[in-house]
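To keep things clear, I will list the structure first and then write my remarks on it.
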Amino acid sequence: MTEGAVLHIKGRILVGPDEVRDELWVLDGRVSYQRPAGARDVRTVTGWVLPGLVDAHCHVGLDEHGAVDEATSEKQALTDRQAGTLLIRDAGSAADTRWIDDREDLPKIIRAGRHIARTRRYIRNYAHEIEPGDLTAYVVREARRGDGWVKLVGDWIDRERGDLAACWPGDALAEAIAAAHAEGARVTAHCFAAESLPDLLAAGIDCVEHATGLTEELIPAFAERQVAIVPTLVNIATFPKLADGGEARFPAWAAHMRRLHERRYDTVGAAHEAGVPIYVGTDAGGSLAHGLVAAEVAELVKAGLSTTEALSAASWGARSWLGRPALAEGAPADLVVYAADPRADVRVLADPQLVVLRGKVTG
Ligand SMILES: [Zn+2]
């Protein structure tokens, strides 16, 4: 027997990129495709259904100055939930957000622990700032603290050089990434420029964030090894403003950032065409607002993904990549209902009609 009203969703249930069903039931917090026997109190809603969206690059517990308190973290997570984001890969946070795991009303977070950066080579108060000799020890520590991911800062401005520069020598990366893999964790790295990418590839990196520096020479290797990228195009959109701000002191860096920005759609489009896995990430939590998942899906369509491919990058595909179920029979009922078909126009994602998390309709 079930308690309370049984939720019944009719319409188009987008179970996968090629699988559509007509109706779905939410029973005891789980997805079912069988009408429950003897269900009396049934609430029926109609619409297009996607699995709970995924933001694969999001920071809960951070703002532009560093770690935030629990009330602020809660607000961030609720903003993501309202946008339909029910699964977050947290790409590094200085705050301990483990308490969120006990909150049934907040999105599920897959953590990468805290960012690991080279000394004075990242945003202040965000990262463990260390030297290459300590890289493996820190990577192992964060692998044990996180939920299967470790986050490196692969490149950042080198103020002496006045431009972006790789942060780690190749041998230190190879040892550290092997150690993470031995712990069962995957490793991702923040990279804007091309320079850091060959060493990270050779070291066995699993994913690259932003990846604006991907070149024609590098893309085939990314595709062959299925190294994923999370472009965060809504963040890349801020490069011109950053460049303006840094122009006077670092003109070469500013010019570099503008070049990366100008070819951002070509970069992502070429990677996609070559078969590099691409996922939706917003980079919320630093300087960007939470809840921008719909905008990032629209950006990926602009870069050349089909609407179904862009949706998959925020739903079926992303969930499979992160080892989480979508809308299979018996899966936790994490889903979003829309008034129109998001495959026809992904802008529909910006206006969810109903967000269901662990079987509960959220307010
Ligand atoms: Zn980030």
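This note's numbering numbers the first residue of the sequence shown as 3 and each following residue consecutively.
Using N, Cα and C, we set each Cβ at its ideal position, and we do this for glycine too.
For residue i, the first and last residue of its enclosing beta strand (DSSP E)
i: TYR140; result: First-last for TYR140: 137–147, but that is the alpha helix (DSSP H), not the beta strand (DSSP E).
i: ASP104; result: No beta strand (DSSP E) contains ASP104, which DSSP labels as neither H nor E.
i: ILE159; result: 157–160
i: LEU356; result: 356–359
i: ALA168; result: 165–168
i: GLU1; result: Given that the chain is displayed from residue 3 to residue 365, the structure contains no residue 1 and the question cannot be resolved.
i: ALA119; result: 118–120
Spatial distance of residue i from residue j (CA atoms)
i: ASP165; j: TRP323; result: 33 Å
i: GLU275; j: LEU235; result: 17 Å
i: THR138; j: ALA181; result: 7 Å
i: SER314; j: TYR140; result: 33 Å
i: GLY172; j: LYS153; result: 16 Å
i: THR269; j: LYS243; result: 20 Å
i: HIS212; j: ILE231; result: 7 Å
i: THR87; j: GLY319; result: 14 Å
i: ALA205; j: PHE241; result: 28 Å
i: PHE252; j: ILE15; result: 51 Å
i: HIS183; j: LEU175; result: 12 Å
i: ARG321; j: ALA58; result: 9 Å
i: ALA316; j: THR310; result: 10 Å
i: ILE207; j: ARG45; result: 47 Å
i: TRP151; j: ASP43; result: 43 Å
i: ASP92; j: VAL70; result: 15 Å
i: CYS193; j: ALA352; result: 28 Å
i: ARG123; j: GLY215; result: 18 Å
i: ALA41; j: ASP347; result: 35 Å
i: HIS130; j: ARG188; result: 18 Å
i: ASP136; j: ILE179; result: 13 Å
i: LEU337; j: LEU329; result: 8 Å
i: ARG326; j: ILE102; result: 18 Å
i: PHE224; j: GLU25; result: 39 Å
i: GLN355; j: VAL210; result: 33 Å
i: GLU72; j: GLU219; result: 44 Å
i: LEU290; j: ALA250; result: 24 Å
i: GLY361; j: ASP104; result: 16 Å
i: VAL282; j: TRP27; result: 28 Å
i: GLY115; j: ALA97; result: 9 Å
i: GLU21; j: ALA239; result: 34 Å
Residues near residue i in its chain [Cβ-Cβ closer than 6 Å; skip 5 each side]
i: ASP149; result: ILE112 and ARG113
i: THR99; result: VAL62, GLY63 and SER75
i: ARG120; result: CYS169
i: SER198; result: GLY156, ASP157 and ALA168
i: ARG23; result: ILE15 and VAL17
i: ILE90; result: ASP57, CYS60, PRO109 and ILE111
i: ARG345; result: THR309 and THR310
i: ILE280; result: ILE231, HIS274 and ALA315
Per DSSP, the bridge partner or partners of residue i
i: PRO53; result: LEU337
i: VAL282; result: Answer by DSSP bridge pairing: none, since VAL282 is not bridged.
i: THR231; result: As written in the sequence, residue 231 is Ile, which differs from the Thr given in the question. Partner(s): VAL210 and ILE280.
i: GLU72; result: GLU72 pairs with nothing; no bridge assigned.
i: LYS362; result: LEU359
i: LYS153; result: THR190
i: CYS60; result: ASP92 and ALA286
i: ILE112; result: ARG91
i: ASP347; result: For ASP347, which the question treats as bridged, DSSP gives no partner whatsoever.
i: ARG45; result: LEU9
Start-to-end residues for the alpha helix (DSSP H) that takes in residue i
i: ALA180; result: 172–184
i: LEU202; result: 199–205
i: HIS1; result: Absent from the model: residue 1. The displayed extent of the chain is 3 to 365, so no value can be given.
i: GLY247; result: 241–248
i: GLU131; result: Counting along the chain, GLU131 falls outside any alpha helix (DSSP H), though it belongs to the beta strand (DSSP E) covering 130–132.
i: GLY18; result: Taken as a continuous stretch (DSSP letters only), GLY18 belongs to no alpha helix (DSSP H), being part of the beta strand (DSSP E) at 8–18.
i: SER314; result: 309–314
i: SER322; result: 318–323
Same chain, Cβ closer than 7 Å to residue i, five either side skipped, listed in chain order
i: ILE221; result: ALA272, ALA273, ALA276 and VAL278
i: TRP255; result: ILE159, GLY164, ASP165, LEU166 and GLY248
i: THR48; result: LYS12 and GLY13
i: LEU294; result: VAL236, THR284 and ALA286
i: GLU177; result: THR138
i: PRO19; result: THR310, SER314 and TRP318
i: HIS67; result: ASN127
Cutoff 8 Å; reference residue i; Cβ partners in own chain excluding five residues on either side
i: GLU383; result: Residue 383 falls outside the range modelled here, since the chain spans only 3 to 365, and no answer is possible.
i: GLY287; result: CYS60, HIS61, VAL62, GLY63, LEU64, ASP65, GLN78 and SER95
i: ARG227; result: LEU203
i: THR364; result: ARG83, GLN84, ASP107, VAL357 and VAL358
i: GLY306; result: TYR267, VAL270, GLY271, HIS274 and GLU275
Proximity test, Cβ basis, 8 Å: residue i and chain C
i: VAL229; result: Judged by its chain identifiers, the structure shown contains no chain C, having just a single protein chain.
For the pair the stretch 251–265 and the stretch 52–70, tell me if three or more CB-CB distances fall below 8 Å.
no
Check whether the stretch 298–307 touches the stretch 5–19, counting contact only when three or more Cβ pairs, one atom from each stretch, lie closer than 8 Å.
no
Go through the residues and name those whose CB comes closer than 6 Å to any heavy atom of ligand 2, in chain order.
This structure does not include ligand 2; its bound ligands are ligand 1.
Between the stretch 325–336 and the stretch 26–43, can you find at least three pairs of beta-carbon atoms closer than 8 Å?
yes
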